[in-house]
Structure formats: structure tokens, C-alpha cells
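So the sequence shown is numbered by our numbering: it starts at 1 and just counts up by one.
Beta carbons: idealized from backbone N, C-alpha and C, even for Gly.
Input: a single structure, listed below in C-alpha cells.
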Amino acid sequence: MADRTLLLALLINLETEMREMGLWEPQSPPASAFDSQVPFCYDTMNFAQWLQWVFIARFRAILEGGHPLPQNCDVAPMAEECFSKMELNSDAIVSLLRQFDQEF
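Dropping the structure here:
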């Protein structure tokens, strides 16, 4: 069973890391971007946007609201793939996502 306190701490650390790397955006994508039927909203957002506006936001709401958690989570491989194309050191973000995934 996932440790909700640990998951929330990992989300906070993920947000902090994204802010420090300049990946945190002050304004959300247009509402239509959230209507995507593609995994990770890949056709309407970049991966960092999806992490911020979908993954972190939804998991934070689930955790803070005491709602049931999903059965599994496997986001780290997508992070590795997407961030490998960018010229930045994403090791900390990928590591946090691996830790998050392992809780499920």
C-alpha cells in the first residue's frame, strides 16, 4: 500500500526541482489541451506541462482529498524518454518519479 505522506513529499520535491530547472510555468495551457485523448496529453502539451498541470495537480488533489489511489503508476519511463531529448540534466526529476512509481 502506498504511503500517502511519502507520495505528497515526492510531489513537493518534484515541483521544487521543476521550478529550479525553469520547467514550472506560471500559466496553464488552454482548457482544450486538457481534452486530449492521448496518453500524457502528448498531442497538446509537452511532458513538463503534463507533469505540472495534470500529474502533480491530480495526484495532489487525490492525496489531499483522501481519495482512492490508482492501482499502478509508471511515469518514470516516459520522463526518461522525453527529457532525453532536452539539453538538461533531468536525473533528479526522473529519480523522484521512479520513487513515486515504486510506491504502487
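Between the beta-carbon of leucine 96 and that of leucine 14 there is about 5 Å, and that keeps the pair under the 8 Å contact cut.
When the beta-carbon positions are compared, leucine 51 and arginine 4 stay at least 8 Å from each other.
Cβ contact annotation for leucine 8 (same chain, cutoff 6 Å, sequence separation greater than five): Leu63, in chain order. In terms of Cβ geometry, glutamate 17 and alanine 79 do not form a close pair [threshold 8 Å].
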